[in-house]
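Peer 1: Okay, here's the structure, questions in a sec.
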Amino acid sequence: MLEPRRSDQPPATNLVDILDRVLDKGLVVAGDIRISLANVELLTVRIRLLVCSIDKAEQIGLDWWRHDAFFSSGALAEANAVAELQARIETLERQLVERGQA
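Numbering (my numbering), first residue to last: 8 to 109.
Right, dumping it as structure tokens:
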């Protein structure tokens, strides 16, 4: 049977409240991993992790996903348009060369 909460105990916090707070404020995890052999550093891995909402990321100036073709359909459409223009230029150049030889 559950005992009633005493008045001197802090209120319970559920997972949704914690997640909401982390996404609103942000959470940074940073660390380094170094592998050495006989005091000779062989490998260093630097890990930086930022967990926050998209709104918070934009407030602090992070918006790399808007320009990454993997995450943004706009960037992918732009890359496709560039590829189409390059193909069109190549076709026009071939036609110019063919007319010059005729």
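A virtual CB, placed ideally from N, CA and C, is assigned to each residue, including glycine. Since we're looking at a predicted model, the values are computed, not measured.
Tell me, please, whether the segment 24-42 touches the segment 54-69 by the rule of three or more beta-carbon pairs shorter than 8 Å.
Peer 2: These segments touch.
Peer 1: Is the Cβ-Cβ distance between L30 and S60 less than 9 Å?
Peer 2: Closer than 9 Å, so yes.
Peer 1: Can you check DSSP and say which residues form a bridge with L49?
Peer 2: According to DSSP, L49 bridges with nothing at all.
Peer 1: Determine the direct distance from the alpha carbon of G68 to that of H74, and round the result to whole angstroms.
Peer 2: So the alpha carbons of these two residues sit roughly 13 Å apart.
Peer 1: How many Å lie between I40 and R101 at the Cα?
Peer 2: Rounded to whole angstroms, I40 to R101 spans 54 Å at the Cα level.
Peer 1: In the DSSP output, which residue or residues are listed as bridge partners for L34?
Peer 2: Note: L34 sits in a beta bridge opposite V58.
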